[in-house]
Every structure is written in structure tokens, then in C-alpha cells.
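Taking it in order: structure first as C-alpha cells, then the write-up.
Residue numbers (the numbering used here): 427 to 1040.
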């Protein structure tokens, strides 16, 4: 039975999800595209703005096309893409002893995302954050697939997190979320054959390949519609009326392995007069929403001014002659040109049209509105005078207005991605995966992760920190004010977490304790310096500090058997084993304290007042 979409694009009842036929998929997706045609056209218009499609001022006018949309998009996208992604697994106070497990899940996500970025770069695509920032700014939507894949050749597990252009995506949602999603693209037969099979009539799956049923379709100059379909059970690829990839179950049954969402807090608002599909045009707006029509006005005024400038260069003439046939053969403005005139001939300049005196004020009004709908020009370095701190703060707030909802969209996308990946990994359908990266403390890790390491742990908290050096300085000042005095406004952990956005507050606390101990106990500082220099490969300086610690009795290069562990401070015969010393000092004799000599006593002589025979 053919399944028809309803007004929301849903496919039948939720609890009855039969495997759709190729024709059912193509019909449903094409119907979805028609239903959202207004939204799709808005996305196309925004693309024209971004790519600076030449403005058409009408016949007889020179065209001026402002670069404001492109520069605005570049600034906004760079601001989001330059943000730092913070991944944190929340920990309850009663579970602090389990922090290492939570840290392991954090490292798992960090490694997965790093490996996926490397995969995208290998495909000639931007990293995930760059693509999400671009789609969120331009389309006002984000979507893509997030799947774990087992390589059929190596058996290794890797993440396939691929962002999609929302313009080419159709979807259906139900009461519990996403029901199905389809990424529709055009590909040449060669591209299809490389990804799904050969063009000799057989696909890799054993099904007859749709790209070979007609010789005409084998022409690589012709793009074919490829429907990449995902529902709660299967992934299917369809071309024409045939499967290219037959229904293939994925491991996260009951959920669609894809993420999608809109930008901004505005819900779907339905008009009293417009049908539902026309209301979608304002859902998930791009960064150009406030200025779409203003850009057209700017281009119109500037095109008019450009035409007047051109006319002033090639000035029109009025020529008077007895027979009315007088012409000017050459450009009279060229140096050395001559225009012979007969008696009664006359040449006058035709008066030019002038812009209204109010044109400058009008352009200033438009420019101010463009700034209010985008970013203030000061963000681009266009500042002719010094601003007060209050004025700078106001400009910062103006900058935050367009950035914050898009920052939230990036965080929501990564939250969906991490949940999908962890849920798939927790099914234990995939073997362990070897991942690398830098953890929350910026320490390098290279370890194997298994499903047992993440099962039963909370979902990740995702934060995209978009900040300038000025923002960081302001945060430090706020933290200082909140922590000063005998009765601080906030506990330090709250300051670290909420103001400074530190990810691993436990490690921060430990590091501060070590630093305080070093300041209170100078010998501890010597120990830390010795160990640091040894790690840096500077044994000569490390030996210097080690010698001082031995003199002070903190280190003992030859401890009595059973007198303590490595790293134990001395006194009473304890101390460090020789292995704890810098390599050049291992096995060296213990330095002896230098006898105290008077200022005029030669070395080896007895001190004044000392008894003979000592």
C-alpha cells in the first residue's frame, strides 16, 4: 500500500513502519519539497545575497552590488567557527570518585569528533564546526547524519558525522521526534558507481544498478537524483524506481540516526490567513532576515549614483547647427582633440540630473538600519575615535544579539550528535575504537575505548565558548570581584564553572593546591623545578636543584633498605631512590656539606677556637 504524507510530511502511523518502496520514497520526498517550496525559495534567495548576484537596476543604469552580505556572513561564520567547544559530563558531588569514568567519556567524544574532522578534511570538506556555522548562518537550519560505521575491509570502527545542506533535505516528525529524513542530491553516474556499485548492471549489493538501465543515464554530463533515506529502522538509497542500496538496518533501532533543528527561539507561528506551508518561510531564519529588502535599496541608490558619475564622465551634448547635421566625431575631452564649428554652430552641455540634497541623509538612515540588522561597523575596525568602556560594552551587546541564537544552535547540534554516537556505541554492535586527542586539561591521550566505558553515564553538556581577548579579561575581572573579601559572593567552583567556563574544575583545584603548597614550602618548589627540568631534557640544571635538595636532607640518593618510596621527602634516612634523581646523578656519590670557613682561614685549616684533633 502506498504511504501518503500528511501536512507535516509524516509517513503513516508510528508503530507501523513498513519498508518503503522506491516509488514511495521518491513520491513522499518530492511532495515534501513542494510543501516547503516557500522555505526552499527563501534559502535560494539568501544564496544569491551571499554570492553577490549582480543587482539589476533596470535598463539605462549601471549596476552596483554591495558586498555587505558577504562580509557580514564571513564575520559571523568566522566568529562561530573560532569558538572553543567544551564537552563536559556532569558529576554529582556524591560521585566525585567516579570522575575518571566521566573524563573517559569526555575523551571518547573529543577523540570521535577529532577523527571525524580528519575524515572530512580527507574528503575535501571543511571540519564539522565550520560547516555547521556556515549552514546555520546561511540557511537558518542544521542537519546531517551521525552514525558509527564498521569498515568492511579493516573491521575498524569510525564515526560518519556528515553535515547536509538543509536546502536538499526532507523530513517528517511525529509526537516523539524525527520519523524519517532524506538527503536528496544530484550525482553523475561515475560518482554513483564509485559510491554504490559499478555501471555494468550490477551494484555492490547484488541489486541491479539504477544507473545502468538506460545508456542515456550513463552520460556523466547528466545529474541523477539520489535519495539517501533514513527511518527508524533502515537506510535506503534510491535512484529512479530502483534500490541502489537496499534496506539496510542500522544499529540504533527506533531512532533515526540523523540530527536536525532550527535557529532561534521562535516557534512555528501559524497565520490566520496563510496556509501552513507559507508560515514555514520564517522558521529557522538566516542572518540576512532583517536586511534582505534593505540590501536592495542600498544597491538601487548606489546604482543611481554610479550612473550619474558615469554621465559626468561622458557628458551629453546639445549641438546647434544650421542644417541640424552637426556631429562630434571624436571624444572632445581627449587631449589635443579639435571640433571645427561653422558659423552658427554651437555646442552646449546638457544639464545633468542631480541627486537630492537629502540623499546623504537617506543613505545614512539605511546604513544605520543595516547595522541594527547585522553587526555594527566597529566590528570591522571602522572606528574613527576612542570609545568609553560603556560604549564598548553596548557594542558588545549589539554583537551578541545575532551570534547567541546561532551559538545555541551549534550547541544543540553537537548535543544531538554526541547522544546519537554514544547510544549506537552502547549497543555493543561495534568493537573498541582507538582514539587520540587532547583532553580537557590539554593533555594528549591515545587510548582504546570500549562500550563499557560510557554505558550508564549522563549525556554530555555542550558549550561553545565564543569570546574575544576583551571578553576573557572581563571574565577575569568578574571572577576577582566575586572571590575577594572574607565573605566571597560565590564559591570558587561556581566561579570556575559559570564565569570562567573551566571544564575540569577538579584538576584546577588540584593545580592551585600544588601552587599554594609550593609558595608556602620553598623546598616543594625546588622539587617541582627539578622534575620539570628533567622532563624538558635539561639535566644540568636538574642536577643543580637535586644537589641543593640533597644538602637540605630532602633527597637521599642512597636510602636505607626499606626506608621509603620514590618521591618521599628525606629526613631520618628516607628519601628518593637513585632512579628518582636526574639521570646523570644516579650512582653519583652524595655531595658532602662544605665546612664553614672563616674569611681568612685557608681551606683544610682548623677553625679558630677548635680543639686539636677535633
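A virtual CB, placed ideally from N, CA and C, is assigned to each residue, including glycine.
Spatial neighbours of residue i in its chain, beta-carbon cut-off 7 Å, leaving aside the 5 residues before and after
| i | result |
| --- | --- |
| residue 725 | 481, 490, 491 and 492 |
| residue 712 | 472, 563, 564, 565 and 566 |
| residue 621 | none |
| residue 860 | 874 |
| residue 914 | 908 |
| residue 921 | 905, 908 and 909 |
| residue 680 | 658 |
| residue 884 | 515 and 516 |
| residue 496 | 476 and 478 |
| residue 926 | 901 and 905 |
| residue 729 | 481, 483, 487, 488, 489 and 490 |
| residue 468 | 707 |
| residue 664 | 448, 451, 452, 653, 655 and 670 |
| residue 585 | 538, 541, 542, 574 and 847 |
| residue 752 | 745 and 771 |
Reduced DSSP secondary structure (H/G/I, E/B, other) of residue i
| i | result |
| --- | --- |
| residue 605 | strand |
| residue 667 | coil |
| residue 590 | coil |
| residue 511 | strand |
| residue 966 | helix |
| residue 481 | coil |
| residue 571 | strand |
| residue 902 | helix |
| residue 685 | strand |
| residue 870 | strand |
| residue 536 | helix |
| residue 809 | Note on residue 809: pLDDT 49, under 50, position unreliable in the model; the coordinate value appears next. If DSSP states are grouped into helix, strand and coil, residue 809 belongs with coil. |
| residue 730 | helix |
| residue 714 | coil |
| residue 576 | strand |
| residue 661 | strand |
| residue 490 | coil |
| residue 498 | helix |
| residue 674 | strand |
| residue 856 | coil |
| residue 503 | helix |
| residue 611 | strand |
| residue 751 | coil |
| residue 583 | strand |
8 Å contact criterion, which residue i and residue j should meet: CB distance rounded
| i | j | result |
| --- | --- | --- |
| residue 567 | residue 606 | That pair is no contact at about 17 Å. |
| residue 539 | residue 678 | With 8 Å as the limit, residue 539 and residue 678 do not qualify as a contact, their Cβ atoms being about 18 Å apart. |
| residue 871 | residue 863 | 6 Å |
| residue 686 | residue 569 | 4 Å |
| residue 886 | residue 513 | 5 Å |
| residue 558 | residue 839 | 6 Å |
| residue 837 | residue 888 | 5 Å |
| residue 891 | residue 510 | 5 Å |
| residue 856 | residue 494 | About 48 Å separates the two Cβ atoms, so there is no contact after all. |
Span of the beta strand (DSSP E), counted from its first residue to its last, around residue i
| i | result |
| --- | --- |
| residue 863 | 859–864 |
| residue 889 | 887–891 |
| residue 653 | 650–657 |
| residue 598 | 595–600 |
| residue 775 | 772–775 |
Close Cβ partners of residue i (< 6 Å) along its chain, the five nearest in sequence each way excluded
| i | result |
| --- | --- |
| residue 733 | 487 and 488 |
| residue 608 | 455, 596, 653 and 655 |
| residue 747 | 771 |
| residue 975 | 952 and 981 |
| residue 774 | 744 |
| residue 684 | 571, 607 and 656 |
| residue 956 | 968, 971 and 972 |
Cβ neighbours of residue i in the same chain (closer than 8 Å, five flanking residues each side left out)
| i | result |
| --- | --- |
| residue 660 | 445, 673, 674, 675 and 676 |
| residue 439 | In this prediction, residue 439 scores a pLDDT of 39, lower than 50, which makes its location untrustworthy; the coordinate-derived value is nonetheless stated afterwards. Contacts found: none. |
| residue 879 | 527, 530, 531 and 534 |
| residue 727 | 785, 788, 789 and 792 |
For residue i, the first and last residue of its enclosing alpha helix (DSSP H)
| i | result |
| --- | --- |
| residue 474 | 463–476 |
| residue 554 | 554–564 |
| residue 618 | 615–622 |
| residue 791 | 785–799 |
| residue 744 | Per DSSP, residue 744 belongs to no alpha helix (DSSP H); it is in the beta strand (DSSP E), 743–746. |
| residue 1042 | One cannot answer for residue 1042 here, as it falls past the ends of the chain, which runs 427 to 1040. |
Check: residue i C-beta below 8 Å from any heavy atom of the ligand SAM
| i | result |
| --- | --- |
| residue 968 | Summarising the ligand content, the structure contains no ligands, and the ligand SAM is consequently not present. |
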